[in-house]
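Heads up: the sequence shown begins at 6 in our numbering, then just goes up one per residue.
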Amino acid sequence: KCPALLTEVLLLQDIFPDARFIYLVRDGRMVANSLLKLFRRQREQDIKVAHPLFREQPFVPYPRVPALEQAADEYGLDDLRTTATVWDDSVKLMNQLRPQLKHCYEVRYEDVLHNPREQMRLIHEFCKLPLPNNEAYRQQIAQVGVIHHSNRYGGFDVVESIADDSLRQYGYL
Numbered sequence: 006k007c008p009a010l011l012t013e014v015l016l017l018q019d020i021f022p023d024a025r026f027i028y029l030v031r032d033g034r035m036v037a038n039s040l041l042k043l044f045r046r047q048r049e050q051d052i053k054v055a056h057p058l059f060r061e062q063p064f065v066p067y068p069r070v071p072a073l074e075q076a077a078d079e080y081g082l083d084d085l086r087t088t089a090t091v092w093d094d095s096v097k098l099m100n101q102l103r104p105q106l107k108h109c110y111e112v113r114y115e116d117v118l119h120n121p122r123e124q125m126r127l128i129h130e131f132c133k134l135p136l137p138n139n140e141a142y143r144q145q146i147a148q149v150g151v152i153h154h155s156n157r158y159g160g161f162d163v164v165e166s167i168a169d170d171s172l173r174q175y176g177y178l
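Printed below as a string of C-alpha cells:
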C-alpha cells in the first residue's frame, strides 16, 4: 500500500514468505505531479507544526530509490524532474525485483479505472480470495473512476524527457 516500501519489497517477502504483491503502476506523468503535490503539502504541514527536526531538513515522502539523492542534488526536492526520476527509477527497480518475488501481480491503475469489475476479479483470483458478492461491494466498485476533484497537472514533456522508455513500456506514450 505504501510506495515508500517499494525499495523493501524483498525484505517484506522474507518477513511474509507467502505474501502476494499487487504492483499497481500509474502513468508516470500523473505520479510525478502527484508526488510533487504530496511533497509541497508535507512541507506546508512541517512548517505549520514547526517541529525542529523538519524546520531545516524537510521530510521527503518519496520512495528511497537509488536515483533520488542525485536527482534531489541536481534539481532540488521541489522539482518535477526529481519526481519524474523517482517514478522512472521506481519502475526500473520493480522490473529488476519482480522476478525474485514468488507472487507478484502487475496491473495498471488506468486499467482498474477502465474496467474495475474485471480487474478486481483478476486481483481476487491472484490473491486466492473469493470475490465479494454483496451490495456494499457493488456500490464501491460503481464508484471506481468517479472523479470528485480535478488536478491541474502539467509538465508532461518534462516527465516524458526523463522517463520516455518506462512510459512507453507501460503504454503511456
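No residue lacks a Cβ here, since even glycine has one placed at the ideal position from N, Cα and C.
Here the structure is a predicted model, which means the values were calculated and not measured.
Who are residue i's beta bridge partners in DSSP?
i	result
Cys132	Looking at the DSSP assignment, Cys132 forms no beta bridge with any residue, so it has no partner.
Thr110	Correcting the residue identity first, residue 110 is Tyr in this sequence and not Thr. The partner list for Tyr110 (beta bridge, DSSP) reads Ile27.
Can you list, in chain order, the residues of its chain with a C-beta nearer than 8 angstroms to that of residue i? Leave out the 5 residues immediately preceding and following it.
i	result
Glu115	Arg31, Asp32
Arg157	none
Glu74	none
Tell me which same chain residues have a C-beta within less than 7 angstroms of the C-beta of residue i, skipping the five on either side of it?
i	result
Arg113	Val30, Tyr175
Glu61	none
Asn138	none
Report all residues from its chain with a CB closer than 6 angstroms to the CB of residue i; omit the five preceding and five following residues, and keep chain order.
i	result
Val96	Ser171
His129	Leu136
Val117	Gln124
Tyr4	In this structure the chain extends from 6 to 178, so residue 4 is not present and cannot be described.
Gly160	Leu85
Val149	Pro121
Leu178	Leu172
Asp23	none
Ala76	Thr87, Thr90
His108	Arg25
Pro104	none
So, are the CB atoms of residue i and residue j less than 8 angstroms apart?
i	j	result
Ala9	Trp92	no
Ile146	Met125	yes
Asp83	Phe59	no
Gln18	Leu106	yes
Phe131	Arg25	yes
Assuming residue i contacts residue j (C-beta within less than 8 angstroms), just tell me the rounded distance between them.
i	j	result
Val164	Ala72	14 angstroms between Cβ atoms; not a contact.
Leu98	Val65	Rounded, the Cβ-Cβ distance is 17 angstroms, inconsistent with contact.
Pro68	Thr12	6 angstroms
Ile27	Tyr142	17 angstroms between Cβ atoms; not a contact.
Leu102	Leu41	Rounded, the Cβ-Cβ distance is 25 angstroms, inconsistent with contact.
Asp78	Pro63	Incorrect: roughly 14 angstroms between the Cβ atoms, too far for contact.
So, does the CB of residue i fall closer than 8 angstroms to a CB anywhere in chain D?
i	result
Gln75	Absent from the structure: chain D. Only one protein chain is present.
Any heavy atom of the ligand GTP closer than 7 angstroms to the CB of residue i?
i	result
Ala89	As presented, the structure is devoid of all ligands, the ligand GTP included, so that no description of it is given.
Checklist entry - If you scan the region 36-102 from start to end, which runs of the alpha helix (DSSP H) of 4 or more residues do you find wholly inside it? => result 57-61, 73-80, 85-102
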